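Structure, as structure tokens:
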Amino acid sequence: MKFKLKIGEKEYEIEVLETERGTKVKVNEKEFLFEEKEELKEIFKAKVNLPKRDFGEKKILAPIAGEVVEVFVKEGDLVKEGEKLLLLSAMKMENEISSEIEGRVKKVLVQKGEKVKKDQILLVLE
Amino acid sequence: MKILTFEKLKSTQTLALDLAKKGEKPFTVVLAKEQTSGYGRKKNFWYSPRGGLYFSVVLPPLKIENLEILNILSVFLLAKILKENFKLEPMVKLPNDLYLNGKKIAGVIIENVIEGEKVKFSVMGIGLNTNIVEFPKDLKEKATSLKIELAKEVDNRKILKEILKTLKNLLKPLF
Chain A
294 MKFKLKIGEK EYEIEVLETE RGTKVKVNEK EFLFEEKEEL KEIFKAKVNL PKRDFGEKKI
354 LAPIAGEVVE VFVKEGDLVK EGEKLLLLSA MKMENEISSE IEGRVKKVLV QKGEKVKKDQ
414 ILLVLE
Chain B
30 MKILTFEKLK STQTLALDLA KKGEKPFTVV LAKEQTSGYG RKKNFWYSPR GGLYFSVVLP
90 PLKIENLEIL NILSVFLLAK ILKENFKLEP MVKLPNDLYL NGKKIAGVII ENVIEGEKVK
150 FSVMGIGLNT NIVEFPKDLK EKATSLKIEL AKEVDNRKIL KEILKTLKNL LKPLF
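Those protein sequences? They're chains A and B, same order as listed. Each residue of the first sequence is one higher than the one before, starting from 294 at the first, in the working numbering. Each residue of the second sequence is one higher than the one before, starting from 30 at the first, in the working numbering.
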């Protein structure tokens, strides 16, 4: 099995060979021999079984506990990257929570005056 | 430090926030000789006639867990400057105000812009009643100025420079 792997700007050519002595992995012509075949299988399995991430929506969480002073958007609104979503009063300061992404407001889960905990979902963008 | 000076502004804080959003560099200062809609925490009106010292500083992003210290640091910094330069004994009323002889002499407002889990920047606004000769009726019993307390004019520019220098030094370990 041959494949290319790119890490940052560097490209690696990888070849995995089954030999009598075990599994041989060639990385840019350098050879690594793995005699414990089962261990290697586990490594691949772990990589394949990484949890799937949902890139379809983005949950906006409260970065700190506080009180919602104002919500600037409503469901269905289109927001740009950097656009203010809501104002959270916390630690005697006003904290403007702005959008990291461009998208549409799917759900608004808090309202003005509501007290929120750290990591509570405030809004969902899609 | 870049100091943008204006004769009159609605609010130094509003302008500094706008500039920071447009990419203005940290430690840029917006200074106004007069504000028509100066505000403090919870958008409370800050009386800002000519004579006082009103400015906002764009601060580089702090870690969220360090934000809280900004308020405390800024009010103590003002107290230190009044004490060391004018031998006054101000009282710190946490988190935002400074009192002298039972009357408010300075206030601080801090607004942070957070994207995701990271602070993008903070803007610290300071209102210091320096050369205000007289306060309107409704504030007379609540507010005072350095000029009223010391019976002499003070140098706003010198105080500003002193505050900025100390602020930068105090904040250094937090970034």
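Where is the CB? At the ideal position from N, CA and C, for every residue including glycine. Treat the numbers as computed from the prediction; the structure is a model and nothing was measured.
Using a Cβ-Cβ cut-off of 9 Å, residue 200(B) does not count as an interface residue toward chain A, since no Cβ of chain A sits closer than that to its own. Taking 4 residues as the minimum length, the alpha helix (DSSP H) runs contained wholly in the segment 158-188 of chain B are 175-179, in order along the chain.
In the three-state DSSP reduction, residue 370(A) falls in the coil class, being neither helix nor strand. Under the 9 Å criterion on CB atoms, residue 59(B) is classed as non-interfacial with respect to chain A.
Scanning its chain for C-beta atoms nearer than 6 Å, with the 5 sequence neighbours on each side dropped, one finds around residue 395(A) the residues 373, 374, in chain order. The alpha-carbon separation between residue 156(B) and residue 379(A) amounts to approximately 26 Å. By the criterion of a C-beta distance shorter than 6 Å, residue 183(B) is surrounded in its chain by 159, 175, once the five residues flanking it on both sides are discounted. The three-state secondary structure of residue 74(B), taken from DSSP, is strand. Under the three-state reduction of DSSP output, residue 404(A) falls in the coil class, being neither helix nor strand.
Approximately 20 Å separates the beta-carbon atoms of residue 350(A) and residue 143(B); this is outside 8 Å, ruling out the contact. DSSP places residue 105(B) in the uninterrupted alpha helix (DSSP H) bounded by 96-115. Among the residues of chain A, those whose CB is under 9 Å from the CB of residue 70(B) are 382, 385, 386, 387, following chain order. Pairing residue 383(A) with residue 359(A), the inter-Cα distance amounts to about 4 Å. Within chain B, no residue has its beta carbon less than 8 Å from that of residue 368(A); the closest one is some 21 Å off. Those residues of the segment 103-133 of chain B placed with their C-beta closer than 9 Å to a C-beta in chain A are 123, 124, 125, ordered along the chain. Along the segment 136-167 of chain B, going in chain order, the ones with a CB nearer than 9 Å to a CB of chain A are 138, 139, 140, 141, 142, 143, 144, 145, 146, 147, 148, 149, 151. For residue 99(B), same chain residues with a beta-carbon under 6 Å away, outside a window of 5 residues either side, are 139 in chain order. Contact of residue 93(B) with chain A by beta-carbon distance below 8 Å involves 356, 357. Distance from residue 58(B) to residue 74(B) at the Cβ level is roughly 22 Å; contact not present, criterion being Cβ atoms closer than 8 Å.
According to the DSSP assignment, residue 47(B) belongs to the alpha helix (DSSP H) that extends over 41-50. In the three-state scheme derived from DSSP, where H, G and I count as helix and E and B as strand, residue 387(A) is classed as strand. Residue pairing by DSSP puts residue 151(B) in a beta bridge opposite 88(B), 141(B).
In terms of CA proximity to residue 162(B), 172(B) leads the group 153(B), 172(B), 154(B). Cβ-Cβ distances below 6 Å link residue 46(B) to 152 in the same chain, with the five nearest sequence neighbours on each side left out; the list follows chain order. Here DSSP, grouped into helix, strand and coil, assigns residue 34(B) to strand. A direct Cα-to-Cα measurement between residue 167(B) and residue 111(B) gives close to 25 Å. Interface annotation, residue 377(A): in contact with chain B, CB-CB separation under 9 Å. The C-beta of residue 305(A) has fewer than 16 other C-beta atoms within 10 Å across all chains shown, which makes the residue exposed.
Not one beta carbon of chain A lies nearer than 9 Å to the beta carbon of residue 53(B). In the DSSP assignment, residue 312(A) is bridged to 315(A). Within chain A, the residues 384, 385, 386 have their CB atoms less than 8 Å from the CB of residue 100(B), given in chain order. In the structure shown, residue 376(A) falls within a coil segment according to DSSP collapsed to helix, strand and coil.
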